[in-house]
Amino acid sequence: MNVREQPIIVVLGMMTTMPVGGVVWQTAHYLEGLRRLGFDVYYAEDHGMHPSMFTDRGDVNGSEKAAAFLAQTLDRFDFGSRWSYHAWHADDQYYGLGKSAIEEAFQRAAAVINLHGGTAPRPEHQGGGAFIYVETDPVGPEIELHNGMAATERFLDAHTAYFTFGENLGGPDCKVPLPPPRYEFHPTRQPVITEWWREIAPESGERFTTIANWRQPQRQMTLEGEVYHWSKHHEFLKFLDLPERTAQEFELALSSYEPGDREMLEARGWKVRRALDFSRDPDAYRQYIAGSRGEWTVAKDQNVRLRSGWFSDRAATYLAVGRPVVTQETGFSHVLPTGRGLFGFTTMEETLAVIEEIDQNYEAHSRCAAEIAREEFEAEKVLSKLLRKAGVSLPR
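So the sequence shown is residues 1459 to 1854, counted in my numbering.
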């Protein structure tokens, strides 16, 4: 009896550039979701970025440590023999799968997914199948296209299909400029293996939490003379008084902050902890989310004012573990059900009303949160839709 060969998909990722739980889970959901659809899935890093979080004075290269991190991480998800790390930023060495093996996978692949749109296209990525751009952070590339940036056009031209977490692009209230017609951007969202989160659900904690970078001054964008910020601290500061307005406790697990930032927040009633104390461990990261009462958070100014429709991959995992999410409105309420388990807000008054509603009917909102995750973010649903739009046939 002939056994049908599984079609190959290669996911180009970025885990070594940001080796923290959020990026690990975001990537693992893609890998496992594609495997559950029946594909033979490989993970590859071929971006050439220096693995700075793995370097020190005694090792300015960091490649071996970065590769060891990938080996350990992917083995945890049963992809231990199906990855490649190309250290062309340094010695051009391949770790995991060798050069010929990963290039054969690229050549035979039904699709190569450029996750985050973070890998500069190389000829070997472009075999006979689809080359899919998945933009997890919208706004910047769209503005660059609007401004006629040739480098962005060349980057995108190498791909055959385009997807964005900006699910409100083209909507009547969205101010993000639409890409030129040759780049047809399709909406997509974070896939989640919801059972990975249901299986650890303990009793909820007492605090609404979030995990975020506080201050990131880079990557500001200018559109029609107006500056749009990447750094979230601009939006957090609009709600600085929140803990003083309610008995509910709030905790921010932060990176990229100064001691003065922490002192300011704690003086206003926020609980603050260092995110890297737990976020380097994917399981500790997951446990932190599961041990929360829910998520309260803001979005980047770019997504808020331009109404991109972006929705956080992290928020999707809060939902999956049955934790209600209260997050700043970006236009996502046009495409996701809100009002039970998931809430968008724009003002302090809206935030306070939602927190009170959740506290009064917590169990109902917890159930609704988990239901939204299953209905809207289940990996096989999200990824099968993406692949069909990209012209990739499903194996089953």
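Every residue, glycine too, gets a C-beta built ideally from N, C-alpha and C.
- Here VAL1685 is exposed, its C-beta having fewer than 16 other C-beta atoms within 10 Å.
- Taking the CA atoms as reference points, GLU1664 sits about 16 angstroms from LEU1810.
- DSSP places TRP1541 in the uninterrupted beta strand (DSSP E) bounded by 1541 to 1545.
- Measuring C-alpha to C-alpha distances from SER1750 to each of LYS1758, ALA1725, LEU1710, ARG1726 identifies LEU1710 as the nearest.
- When DSSP reads this structure, THR1680 sits in a beta bridge with VAL1685.
- In the DSSP assignment, SER1713 forms a beta bridge with ASN1671.
- Residue nearest to GLU1702 within the set GLY1683, SER1714, LEU1723 is LEU1723 (criterion: CA-CA distance).
- Note: THR1622 is bridge-paired with GLU1593, PRO1645 in the DSSP secondary-structure output.
- In terms of Cα proximity to HIS1508, the closest of GLU1593, TYR1501, LYS1523 is LYS1523.
- Put simply, of THR1622, GLN1818, GLY1683 the residue whose alpha carbon is nearest the alpha carbon of PHE1769 is THR1622.
- When the beta-carbon positions are compared, ALA1609 and HIS1544 stay at least 9 angstroms from each other.
- Beta-bridge annotation (DSSP): ILE1571 is paired with VAL1469, ILE1590.
- Taking each of ARG1738, GLU1787, ASN1761, VAL1850 in turn and checking the Cα distance to GLY1480, the smallest one comes out for ARG1738.
- Excluding residues up to 5 positions away in sequence, SER1542, TYR1543, HIS1544, ALA1545, ILE1560 lie with their Cβ nearer than 8 angstroms to the Cβ of TYR1552 in the same chain.
- A Cβ-Cβ separation of about 14 angstroms leaves ALA1822 out of contact with LEU1777 under the 8 angstroms criterion.
- Between PHE1666 and VAL1784, the C-beta gap is smaller than 9 angstroms, which places the two residues in contact.
- Take GLY1799, set aside five residues on each side of it, and the residues of its chain with a beta-carbon closer than 6 angstroms to its own are PRO1782, HIS1823, CYS1826, ALA1827, ILE1830, in chain order.
- For LEU1800, the enclosing beta strand (DSSP E) begins and ends at 1800 to 1803.
- When the five nearest sequence neighbours on each side are left out, the beta carbons in the same chain lying within less than 6 angstroms of the beta carbon of ARG1566 are those of ILE1466, in order along the chain.
- Using a Cβ distance threshold of 9 angstroms, LYS1843 and THR1646 count as a contacting pair.
- Where GLU1807 is concerned, there is no enclosing beta strand (DSSP E), although the alpha helix (DSSP H) around it starts and stops at 1806 to 1818.
- Following the DSSP letters along the chain, one finds LYS1843 inside the alpha helix (DSSP H) bounded by residues 1837 to 1847.
- A residue is called buried once 16 or more other Cβ atoms fall within 10 Å of its Cβ, and SER1851, having fewer, is exposed.
- Nearest in C-alpha terms to VAL1730, of all of THR1668, PHE1790, HIS1692, ALA1705, is THR1668.
- VAL1468 is positioned such that its CB atom lies closer than 9 angstroms to that of TYR1500.
- Taking a 10 Å sphere around the C-beta of GLN1760, we find 16 or more other C-beta atoms and assign the residue as buried.
- With fewer than 16 other beta carbons inside 10 angstroms of its own, SER1558 counts as exposed.
- At the C-beta level, LEU1470 and GLY1576 come within 9 angstroms of one another.
- For the pair ALA1733 and GLU1753, the Cα-to-Cα distance works out to about 15 angstroms.
- By the C-beta criterion, the region 1516 to 1533 is judged not to be in contact with the region 1675 to 1692, since fewer than 3 inter-stretch pairs fall below 8 angstroms.
- A distance below 6 angstroms between beta-carbons, with the five flanking residues on each side excluded, links GLY1554 to the following residues of its chain, in chain order: TRP1541, SER1542, TYR1543.
- With respect to PRO1649, LEU1841 sits close: the two C-beta atoms are nearer than 9 angstroms.
- Straight through space, the alpha carbons of ASP1549 and ASP1517 are spaced by roughly 13 angstroms.
- Taking all protein chains shown into account, SER1689 has 16 or more neighbouring C-beta atoms within 10 Å of its C-beta and is therefore buried.
- The C-alpha of LEU1845 is placed about 13 angstroms away from the C-alpha of ARG1493.
- The beta carbon of GLU1642 sits closer than 7 angstroms to those of TYR1620, all from its chain and outside the five residues before and after it, given in chain order.
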